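Take the position in the sequence shown, starting the count at 1, then add 266; the result is the number in our numbering. We treat Cβ as the ideally placed atom computed from N, Cα and C, and that holds for glycine. Just so it is clear, the structure is predicted and the values come from calculations on it, not from any experiment. Working notes, structure below.
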Amino acid sequence: KGTRLEPVPTLPSDWGFWLKHYPDAVAYRMFDKYQPVPLPSDPNQDSVRTRGPFDARLTADEPVLGVWTGKSAKAYPLSVLANRGFVVDEIDGEPIVVLWEPASNSAAAYRPVANQPRKYQAPQPDKNGVSPPNAGVPLPAGAAELPARPVTLKRNDKPNGGIIDTESGSQWDVTGRAVDGELTGWTLTWLDSTQVKWFAWSAEYPKTELYETGNGVADYKPLTEEALTPAGPLGNLDVSVRHFAILKAIDVENQQVTLQVEGESPSIVRTLEPGAEVWCSGWWGRLDQFVVGDRVWVWNSKHDAGKSISLLADELSEQEFYGASIVGAIDRQSSDSASVALTMGRGGKPVSRTIALSKADSIADLKVKDALYYQTTEAGARFVLTPVEFEQVRAKQMSELKQRWTQEGLPGTLVFRHDDRQQIELMLDHESMFWGRTLLSDDKLTLTLAENISLTAVVRKLRPWRERTQVLLQVESRIPSDLVIGQRVFAKLHRAPTDFDPNELPGIDETRTAADRVDWLMSGIYCTCGMHDMCAGHFYTLAACDAAGKTPCGLAKRTRAEITEQVAQGLTDRQIFEQLLKERGPKLLRPHMSP
Numbered sequence: 267k268g269t270r271l272e273p274v275p276t277l278p279s280d281w282g283f284w285l286k287h288y289p290d291a292v293a294y295r296m297f298d299k300y301q302p303v304p305l306p307s308d309p310n311q312d313s314v315r316t317r318g319p320f321d322a323r324l325t326a327d328e329p330v331l332g333v334w335t336g337k338s339a340k341a342y343p344l345s346v347l348a349n350r351g352f353v354v355d356e357i358d359g360e361p362i363v364v365l366w367e368p369a370s371n372s373a374a375a376y377r378p379v380a381n382q383p384r385k386y387q388a389p390q391p392d393k394n395g396v397s398p399p400n401a402g403v404p405l406p407a408g409a410a411e412l413p414a415r416p417v418t419l420k421r422n423d424k425p426n427g428g429i430i431d432t433e434s435g436s437q438w439d440v441t442g443r444a445v446d447g448e449l450t451g452w453t454l455t456w457l458d459s460t461q462v463k464w465f466a467w468s469a470e471y472p473k474t475e476l477y478e479t480g481n482g483v484a485d486y487k488p489l490t491e492e493a494l495t496p497a498g499p500l501g502n503l504d505v506s507v508r509h510f511a512i513l514k515a516i517d518v519e520n521q522q523v524t525l526q527v528e529g530e531s532p533s534i535v536r537t538l539e540p541g542a543e544v545w546c547s548g549w550w551g552r553l554d555q556f557v558v559g560d561r562v563w564v565w566n567s568k569h570d571a572g573k574s575i576s577l578l579a580d581e582l583s584e585q586e587f588y589g590a591s592i593v594g595a596i597d598r599q600s601s602d603s604a605s606v607a608l609t610m611g612r613g614g615k616p617v618s619r620t621i622a623l624s625k626a627d628s629i630a631d632l633k634v635k636d637a638l639y640y641q642t643t644e645a646g647a648r649f650v651l652t653p654v655e656f657e658q659v660r661a662k663q664m665s666e667l668k669q670r671w672t673q674e675g676l677p678g679t680l681v682f683r684h685d686d687r688q689q690i691e692l693m694l695d696h697e698s699m700f701w702g703r704t705l706l707s708d709d710k711l712t713l714t715l716a717e718n719i720s721l722t723a724v725v726r727k728l729r730p731w732r733e734r735t736q737v738l739l740q741v742e743s744r745i746p747s748d749l750v751i752g753q754r755v756f757a758k759l760h761r762a763p764t765d766f767d768p769n770e771l772p773g774i775d776e777t778r779t780a781a782d783r784v785d786w787l788m789s790g791i792y793c794t795c796g797m798h799d800m801c802a803g804h805f806y807t808l809a810a811c812d813a814a815g816k817t818p819c820g821l822a823k824r825t826r827a828e829i830t831e832q833v834a835q836g837l838t839d840r841q842i843f844e845q846l847l848k849e850r851g852p853k854l855l856r857p858h859m860s861p
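Here you go:
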């Protein structure tokens, strides 16, 4: 009793997948007298009666991947793995990765440590059918044993969604083997893991941990009655950890940045999470618009203990959030250089900072009490702007991003697939709000999944989901078999996009039900309470603040009640919007900032 058999690496799979990866595999031939019997669809009643109480964190029959390290147990629901496709986690403080193969519903856990390729001879069973253990083919004479290599795995941010390591760019699959790149044939270190139902795993390991996807809840629903699996953004407004850093390097292809966080060393590499907010010049932007050496504002992701970035902004955008800085004193050191003491408001509290200016045109007419926007480096200010100049730069950024939307499409994430395999749903990013919400039924889109993969689709329905936009599509092209929930997509309009006005609510004049009208208005306007860091709203719409529960100012719930009453009184959406704008000012429409 209590004796544990030695586990060996196993993986639920189908023969085609396995043979593709192991062409020399030997198939075990069953004795003729054993005939295949279909598994019953209903639980065995003897099993049900003898299970006893089960851990209520999941339903009893929820399938999980159970992982045992020899010290601790942890379960990963297959539904979560199917949604995410790839999980980076820790057990006992040691990193692990869990990989998923949708074609065979297979999962496996590994340490992110790669081992050199070794060949194994096919088993040679004796007359009793017993195969002796095989330690592998020895290395050739004179060949050196290569050391194991730690690797950092991440989802390839290209829309094909493959798993790569950041060190070599090699591609890995669920078998834990590199299938392409420098490390082809190398294998990850397998962890003892098995796919089993939750009631069985939790009974065997009553102290098991359960992997959960952050603190939020993906509480949106499909636009039709049935959907296979959900994934995507979480409805969570917990305030993130934020800090300033010097941008040391940019990797656009892998959506990574190297940062020297102020007060910390050494430099760190961080990946932007899918759908991360990226702000340049007080508007949305792209990573390739940042300048190495600049000081940037970084928000850590809430969903992976800060290992990725949920928001990256230049200093102009951070100042757009809090407002311009006010000149308190000027120390003119020469005709073309000065040291300027600035005061800025942050979360209702004044903060002082002194920066160096080195350009004559920046300081010639500078006076105490002037308002300034600026972008600094470690050495000082790279440039400064008056409020008028800042708005000009912001307008230019709007125009440049509009060109990106036209050429590349609107960014989003695949969040649902349906029983009708040609129907999918996208959750368009926050920045897609202006054009995404002007989409009409029967509009045609081209969906870009990878450099050489595109699909044609037709819009069937859409609705706002807080600051994002959910779109149901009927795909006209053949859908690739490796399309993965959670995959990043660009949606390009076939018709000329509607020109947007940043001072207008997108799609305001469309016909909707009363409830949809309230949701649409709440999902397009922002908080003007001015509480900043005391509130979790920030770049979220009032619809998101309202869904977050109790907030310090209560403005979101009051606004919903007011709009609901005005709709009942017969006011049009435009009348309601104009009244709100008159009462609360233009900051109601600052598309990603609190005042």
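Checking 9 Å against the spacing of the C-beta atoms, do residue i and residue j come in under that value?
i, j, result
"residue 518", "residue 553", "yes"
"residue 867", "residue 339", "The requested residue 867 is not part of the displayed model; the chain covers only 267 to 861."
"residue 378", "residue 363", "yes"
"residue 595", "residue 650", "no"
"residue 659", "residue 632", "no"
"residue 454", "residue 376", "yes"
"residue 543", "residue 577", "yes"
"residue 637", "residue 604", "no"
"residue 836", "residue 757", "no"
"residue 612", "residue 566", "no"
"residue 366", "residue 341", "no"
"residue 704", "residue 763", "yes"
"residue 351", "residue 443", "no"
"residue 215", "residue 419", "In this structure the chain extends from 267 to 861, so residue 215 is not present and cannot be described."
Using only the alpha-carbon positions, how far apart do residue i and residue j sit?
i, j, result
"residue 749", "residue 533", "35 Å"
"residue 289", "residue 689", "35 Å"
"residue 451", "residue 609", "58 Å"
"residue 276", "residue 333", "13 Å"
"residue 540", "residue 694", "11 Å"
"residue 777", "residue 765", "20 Å"
"residue 599", "residue 624", "10 Å"
"residue 732", "residue 827", "17 Å"
"residue 460", "residue 286", "22 Å"
"residue 484", "residue 681", "With a pLDDT of 43 at residue 484, under the threshold of 50, the predicted position of this residue should be treated as unreliable, and no value is reported."
"residue 414", "residue 679", "35 Å"
"residue 417", "residue 336", "22 Å"
"residue 291", "residue 674", "44 Å"
"residue 666", "residue 588", "24 Å"
"residue 840", "residue 374", "53 Å"
"residue 619", "residue 670", "35 Å"
"residue 709", "residue 345", "32 Å"
Between residue i and the rest of its own chain, which residues show a CB-CB distance below 6 Å, the 5 nearest in sequence each way excluded?
i, result
"residue 494", "Because the pLDDT of residue 494 is 36, which lies under 50, any placement of that residue in the model is unreliable, and the number read from its coordinates should be weighed accordingly. Same-chain partners within the cutoff: 683."
"residue 448", "434, 436"
"residue 639", "582, 585, 590, 651, 656"
"residue 283", "370"
"residue 789", "730, 732, 807, 809"
"residue 458", "273, 334"
What are the start and end residues of the alpha helix (DSSP H) that includes residue i?
i, result
"residue 700", "699-702"
"residue 282", "281-287"
"residue 821", "821-834"
"residue 839", "839-850"
"residue 587", "581-588"
"residue 812", "808-813"
By Cβ distance, which residues of its chain are closer than 7 Å to residue i, with the 5 residues on each side in sequence left out?
i, result
"residue 555", "546"
"residue 854", "791, 792, 794, 846, 847"
"residue 513", "523, 525, 556, 558, 559, 560, 562"
"residue 823", "812"
"residue 743", "721, 722"
"residue 466", "none"
"residue 726", "707, 738, 739, 740"
"residue 279", "370, 372"
"residue 783", "833, 839"
Can you give me the Cβ contacts of residue i inside the same chain, cut-off strictly under 8 Å, excluding the 5 residues immediately before and after it?
i, result
"residue 768", "664, 700, 855, 857"
Hey, could you find the ends of the beta strand (DSSP E) residue i is sitting in?
i, result
"residue 461", "458-463"
"residue 510", "508-517"
"residue 381", "372-381"
Mind listing, in chain order, the continuous beta strand (DSSP E) runs of no fewer than 3 residues lying wholly within the stretch 643-719?
You should have 647-651, 676-683, 689-694, 710-716.
In the stretch 334-370, which residue ranges form an unbroken alpha helix (DSSP H) of at least 4 residues, counting only runs that do not cross its ends?
Counting whole runs of 4 or more residues, the stretch 334-370 contains the alpha helix (DSSP H) stretches 344-350.
Quick one: which unbroken beta strand (DSSP E) runs of 3-plus residues sit fully inside the stretch 717-797? Chain order, please.
Complete beta strand (DSSP E) runs here, min 3: 719-731, 734-741, 754-759.
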